[in-house]
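Okay, so here's the structure we're looking at.
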Amino acid sequence: MNEIKKTYKNYVGGKYVRSESGKTFRIELKNQFYEVPLTSRKDVRDAVVAAKKGYTEWQKLTPYNKTQVLYRLSEMVEGNSETYQQILQESGLTKSKANQDIKNAIDSLIWYAGMADKWEQMTGNLNPVAGDYFNISHQESLGVVFTLNTEENSFNQLLLSILPSLTTGCSVISFSGDNSILALKLAEDINNSDLPSGALNILSGNFSQIIDDVSNHVEINAMAIYKDLTSSDKKIIRENASKSLKRIVIKPPTSGLESLLPFIETKTVWHPKGR
Amino acid sequence: MSLTKESKNTLSWSNTVELIDNLRVDEVGLKERVASLATRSIKKDSKLQALNYIVTMCDLTTLEGEDTEGKIGQMAAKAIRPDPSNSEVPSVAAVCVYPALVAKAKEMTRNSNVKVASVSSYFPSGQAPLESKIFDTQFAIDQGADEIDIVINRKAFFEGDYRKMYDEIVALKEVCKSVHLKTILEVGELKTYENIKKASLISLAAGSDFIKTSTGKISNGSSREACYLMAKAVWDYKMVTGFKAGIKVAGGIRDSKDAIRYLVIVNEELGPEWLSPDYFRFGASSLVDDVLKQIKKLKTNAYQSSYYFPRG
Chain A
1 MNEIKKTYKN
11 YVGGKYVRSE
21 SGKTFRIELK
31 NQFYEVPLTS
41 RKDVRDAVVA
51 AKKGYTEWQK
61 LTPYNKTQVL
71 YRLSEMVEGN
81 SETYQQILQE
91 SGLTKSKANQ
101 DIKNAIDSLI
111 WYAGMADKWE
121 QMTGNLNPVA
131 GDYFNISHQE
141 SLGVVFTLNT
151 EENSFNQLLL
161 SILPSLTTGC
171 SVISFSGDNS
181 ILALKLAEDI
191 NNSDLPSGAL
201 NILSGNFSQI
211 IDDVSNHVEI
221 NAMAIYKDLT
231 SSDKKIIREN
241 ASKSLKRIVI
251 KPPTSGLESL
261 LPFIETKTVW
271 HPKGR
Chain B
1001 MSLTKESKNT
1011 LSWSNTVELI
1021 DNLRVDEVGL
1031 KERVASLATR
1041 SIKKDSKLQA
1051 LNYIVTMCDL
1061 TTLEGEDTEG
1071 KIGQMAAKAI
1081 RPDPSNSEVP
1091 SVAAVCVYPA
1101 LVAKAKEMTR
1111 NSNVKVASVS
1121 SYFPSGQAPL
1131 ESKIFDTQFA
1141 IDQGADEIDI
1151 VINRKAFFEG
1161 DYRKMYDEIV
1171 ALKEVCKSVH
1181 LKTILEVGEL
1191 KTYENIKKAS
1201 LISLAAGSDF
1211 IKTSTGKISN
1221 GSSREACYLM
1231 AKAVWDYKMV
1241 TGFKAGIKVA
1251 GGIRDSKDAI
1261 RYLVIVNEEL
1271 GPEWLSPDYF
1281 RFGASSLVDD
1291 VLKQIKKLKT
1301 NAYQSSYYFP
1311 RG
């Protein structure tokens, strides 16, 4: 029997899409190679439109509900762990390392799932004031976040580049390069996990081709760079982003409450106490 | 066909009947032509010009039960100066409101070239006696409306009583006198292409200055096919009477790309002299936002968020 070759596609707005440019690039694993979408600038713009919609939908869910959805994602990933393991091994990891990486990834998922309804009370505050009113610092998610995955062949690192912003309620456009098979495979589990369409979008390609469009795009509220970039790339991003006051976080923390802080904003509320 | 012209731009009923008799539309050909026109590529400089055209052709519209004088004030301000950060962006053609809000809209736009259009004749259904429609229209004109958007009597149209539909438009045109009359066909309800062309020709023969696709109140709004057919009807009517009527497309046109495709249709089928707010209009509430975003994108090379443009 002939083996059916799989075509991996970008995942945007809850749909699997090819690049509108029709372009692909080749990723070679140990036993086979894949032609995956080479994301064009137009694809990025489409993803932003989808993420903008997805943000509203993701926001509508209660924090408790967000927890359930992320937990379900971990169930889906665990159910498919053999496939991830195979991809990791074909990317050059040993069996035990691949196994450990997936276990770590599932742990990360469950940890962030648990955080979804807790980070707000952990970061918010009732501020001490000298008067008859409350002063409350309340935290809100930023909006549409573009995250650039590391170059490592690691499923856990991929998730750690997505989950912090997603957990706070941001919608995420996750971009991967030569290791994007893992991310494109993850799209299938995202699709099965009740995450609203557009809340998490997966793109693959060459970041240097879209760096200007992403950093200039006014509708992207933050960029989280988990990959090592050259200083000239960082300069481009910072300069472009400054025009739209986009938040740029380079190499943000990937564990603990700290990992969520780059993606939230403080809103302070004053309220009279009354007698 | 031998024609007796009633006045400058109307036809007698008997001539109208000749015009709509045995009317046929080639559906496959129509769809192919419209699809091929949509593939025209518009490059940067032409695109900027098209976008500026679109702004000058827009009727900024709010037709909701919840409309207040405050909202009209806000919209009028946006109509006069769509993008406060860029003075090169022109004013829109008109603001389009319900009759009860015409006076306020007129007051807000008094020092500008923005016109005030009012819907009337029991928009959007048109299900009222002619006397009421006349009163409705007269009221809007007395309040200062420069343009009147009426709806055709679809009840009469579907009952086959084309004469009644024609007579009503004639009666309302008499009320309007020199005030610009736009007649809404509601193409989404007319369903077939023959109906659209027939209704277009009857409306033109009865004295409409413009024919307009939709009310924006039903889910099937404007379509490029409808616009194409209406352009054909306008052309046919010009051949018969010499009168140049205009077209207004409204309902569901939300982005610049779609709007530019409408401009291509008008340019190809009627010619560049129709690319003017005197002969072509967009009725829209959110289209302007996208056009402003695109104009700014062409200037700054950065994709924009509507968050930074005025509400309205």
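Protein chains in written order, with the numbering used here: chain A, 1 to 275; chain B, 1001 to 1312.
Ideal Cβ placement from N, Cα and C applies to all residues, glycine included.
Small disclaimer: the values here were computed from a predicted structure and weren't measured.
- Along the length of the region 1142–1222 of chain B, whole beta strand (DSSP E) runs at least 3 residues long occupy 1147–1151, 1180–1184 and 1210–1212, reported in chain order.
- Per DSSP, the beta-bridge partners of K1248/B are K1212/B and R1281/B.
- Against chain B, a Cβ distance below 7 Å from E219/A picks out Y1303 and S1305.
- With respect to the 7 Å criterion, M1075/B and V1102/B are not classified as neighbours on the basis of their beta carbons.
- Considering only beta carbons, no part of the region 49–67 of chain A lies closer than 8 Å to chain B.
- The alpha carbon of I1054/B has as its nearest neighbour, out of S1305/B, Y1307/B, S1285/B and Q1304/B, the alpha carbon of S1285/B.
- Under DSSP, V12/A shares a beta bridge with K15/A.
- Your pair K185/A and T83/A checks out as a contact, with CB atoms roughly 6 Å apart and the cut at 8 Å.
- Chain-order list of chain B residues neighbouring N216/A: T1300, N1301, A1302 and Y1303, by C-beta distance under 8 Å.
- For a cut-off of 8 Å, the C-beta gap from S1214/B to E1168/B is around 19 Å, too long to register as a contact.
- Annotation for A1117/B: the continuous beta strand (DSSP E) segment containing it runs K1115 to V1119.
- Residue pairing by DSSP places R247/A opposite A222/A in a beta bridge.
- For R45/A, at least one C-beta of chain B is nearer than 7 Å to its own C-beta.
- Between V214/A and V69/A, the C-beta gap is not smaller than 7 Å, which leaves the two residues out of contact.
- Listed as beta-bridge partners of T266/A by DSSP are Q139/A.
- Between W270/A and G131/A, the alpha-carbon positions lie close to 11 Å from each other.
- Taking C-alpha positions only, G1271/B is separated from A1050/B by approximately 15 Å.
- Counting only runs of 3 or more residues that sit fully inside the region 147–208 of chain A, the beta strand (DSSP E) segments are 171–176 and 200–204, in chain order.
- Sequence-ordered contacts of the region 238–265 of chain A with chain B read N240, K243 and S244 [C-beta pairs closer than 9 Å].
- For the C-beta of Y1279/B, not a single chain A residue is nearer than 7 Å; the gap to the nearest is close to 33 Å.
- Assignment of alpha helix (DSSP H) within the region 1075–1125 of chain B, counting only whole runs of 4 or more residues, yields 1102–1108 in chain order.
- Here the alpha carbon of I1150/B sits roughly 32 Å from the alpha carbon of I1295/B.
- For Y1308/B, the C-beta contacts it makes with chain A under 8 Å involve V218, in order along the chain.
- In the three-state reduction of the DSSP assignment, Y34/A falls in the strand class, which pools E and B.
- Around the beta carbon of M1239/B, fewer than 16 other beta carbons sit within 10 angstroms, so the residue counts as exposed.
- Straight-line measurement puts the Cα of F1210/B at about 15 Å from the Cα of E1174/B.
- If you draw a straight line from the Cα of Y1307/B to the Cα of G1283/B, it comes to about 22 Å.
- Going by DSSP, L109/A is part of the alpha helix (DSSP H) stretching over K95 to M115.
- Judged by DSSP secondary structure, T24/A falls outside any alpha helix (DSSP H) and instead within the beta strand (DSSP E) spanning T24 to E28.
- Rounded to whole angstroms, the separation of the alpha carbons of A1199/B and R1024/B is 13 Å.
- Here T1241/B really is in contact with L1011/B; their C-beta atoms are around 7 Å apart, less than 8 Å.
- Shown here, D1255/B sits in coil according to DSSP, grouped into three states, outside any helix or strand.
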